[in-house]
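Counting in this note's numbering, the final residue of the sequence shown is number 574, and the numbers go up one at a time with none missing. All C-beta atoms in this analysis are idealised placements derived from N, C-alpha and C, irrespective of residue type, glycine included. Source: prediction; values computed, not measured.
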Amino acid sequence: MAASENELLGAIYGRAAGALPAEVVVGPGDDMAVVRVGGRAVLIGVDQVIEGVHFALDRESIDRVAYKAVARSVSDVAAMAGEPTAAVVSTMLPRGAGYGDELAAAVHRHGLAMGCPVVGGDIAMVDGPLQLSVTVIGALTGGRAMLRSGARVGDAVCVTGVLGGSLGSGWHAAFEPRVAAGRALLEALGDGLTAMMDLSDGLAMDLGRLVEASGVGGAAVDAERLPCRAGCGWEAAVGDGEDYELLFTVADGVEVPGEVGGVAVTRIGEVTAEGGAVVRLGGGVVLSLKGRGWEHGR
């Protein structure tokens with residue numbers, strides 16, 4: 277029995293390996309699946325928000341909950357350098373909740389605003405917390421889907437925006453999915469953009485996933501380079517999670533832009549041949565990032 281989220285994901289990926297039809301271009305293990313439908317490559321991904329895990333109703337409005345539910349899935353589209361086109365939503369609504377219509381209207385409104393109108397779904401009344409699961413369908417507009425598996429030794433490691441403090445700042449429920457930035461990066465860098473994913477579980481956790489998916493030995497980031505949110509230090513920047521920024525790698529020798537799609541870009545380190553994902557603190561001090569970041573079930 278898998279003891280952690282990462283172990284469970286690994287078991288799921290292992291079962292899917294080699295058992296998928298030819299129409300599945302990218303299966304489990306990336307931000308979204310890529311499936312050929314009628315000769316066209318389609319992006320398909322799902323994410324969820326659960327009361328008590330991703331939000332608290334005494335802190336967030338129903339509107340913010342609906343926004344976060346849709347935006348989390350759209351952030352995965354951004355990581356693939358795609359464009360959202362439609363969504364279906366499954367809701368587990370607490371029995372007796374008086375906000376059902378308000379929630380449905382908010383999900384509909386935010387789906388339209390993010391380019392993925394809600395085209396269907398399901399509702400169940402439950403004796404439990406509010407849960408929303410949003411499946412987004414997307415299109416590839418840049419000729420290829422960006423994957424987290426293409427990083428190479430010597431590549432620059434970069435992020436958009438600022439990191440850390442997502443809960444205290446309210447960013448976790450008000451972030452703007454970096455769809456425009458993802459497309460702009462692919463357009464500007466072409467093959468020089470080697471890997472990309474969104475930062476949902478913290479830089480420490482997600483950089484480790486990018487390293488593993490790419491089959492490289494490691495990646496080193498510099499604490500002093502990290503673009504920290506006001507009031508946050510490097511530990512918050514790598515470990516708080518729910519940043520919903522883009523983590524990406526750029527081929528050695530390719531210039532890293534300082535801004536894309538109206539969002540700042542920061543080079544924070546490089547891909548290495550060994551050592552795993554680490555942070556350099558200066559003065560020769562290097563710490564492993566393993567075990568940092570946010571994981572469901574902790």
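Nonlocal neighbours in the same chain, by C-beta distance under 8 Å from residue i, ignoring five residues either side
i, result
"glycine 328", "Pro405"
"leucine 296", "Gly303"
"arginine 428", "Thr470, Ser490, Val492, Thr525, Ala527, Asp528 and Val547"
"aspartate 467", "Ala527"
"alanine 464", "Pro533 and Val536"
7 Å CB neighbourhood of residue i in its chain, flanking five on each side removed
i, result
"phenylalanine 524", "Cys434, Leu461, Leu469, Ala471 and Met472"
"valine 539", "Thr436, Gly437, Arg454 and Ala457"
"valine 302", "Ala309, Val310, Ala421 and Leu423"
"leucine 430", "A small correction: the amino acid at residue 430 is glycine; leucine does not occupy that position in the sequence shown. Counting only Cβ-Cβ distances below 7 Å, and skipping sequence neighbours, we find Asp528, Glu546 and Val547."
"proline 370", "Val402, Gly404, Pro405 and Leu406"
Same chain, Cβ closer than 6 Å to residue i, five either side skipped, listed in chain order
i, result
"valine 536", "Ala457, Ala460 and Leu461"
"valine 562", "Val554 and Arg556"
"methionine 356", "Asp307, Met308, Leu319, Ala421 and Met422"
"threonine 367", "Ile399 and Leu408"
Which of helix, strand or coil DSSP assigns to residue i
i, result
"glutamate 511", "helix"
"arginine 316", "strand"
"arginine 454", "coil"
"alanine 309", "strand"
"leucine 439", "strand"
"isoleucine 338", "helix"
"glycine 321", "strand"
"glycine 573", "In this prediction, glycine 573 has a pLDDT of 45, which is less than 50 and means its spatial position is unreliable; nothing more can be read from the coordinates."
"leucine 475", "coil"
"aspartate 482", "helix"
"valine 329", "coil"
Anticipated Cβ contact below 8 Å, residue i with residue j, distance rounded
i, j, result
"valine 350", "valine 325", "Wrong, their Cβ atoms sit about 13 Å apart, outside the cutoff."
"leucine 475", "tyrosine 520", "6 Å"
is_contact[residue i, chain B] using C-beta, thresh 8 Å
i, result
"alanine 549", "The question asks about chain B, but that chain is absent: this structure has only one protein chain."
Heavy atom of the ligand NAP within 7 Å of residue i beta-carbon
i, result
"tyrosine 520", "Summarising the ligand content, the structure contains no ligands, and the ligand NAP is consequently not present."
Complete beta strand (DSSP E) runs within the region 350-386 (minimum length 3 residues, chain order): Under the rule that a run must span 3 or more residues, the beta strand (DSSP E) segments found entirely inside the region 350-386 read 358-370.
Unbroken beta strand (DSSP E) runs of length 3 or more, entirely within the region 383-423: which are they? Listed in chain order, the beta strand (DSSP E) runs fully inside the region 383-423 are 394-402 and 407-416, counting runs of at least 3 residues.
Does the region 552-571 come into contact with the region 484-500, if we say contact requires no fewer than three beta-carbon pairs (one atom in each stretch) closer than 8 Å? yes
Tell me the start and end of each unbroken beta strand (DSSP E) in the region 503-556 that is at least 3 residues and wholly inside, in chain order. 522-526 and 539-548
Can you find at least 3 beta carbon pairs, one from the region 360-367 and one from the region 387-399, that sit closer than 8 Å? yes
Can we say the region 493-512 touches the region 411-418, given the rule of at least three CB pairs closer than 8 Å? no
At least three beta-carbon pairs within less than 8 Å, the region 498-515 to the region 437-450: These segments touch.
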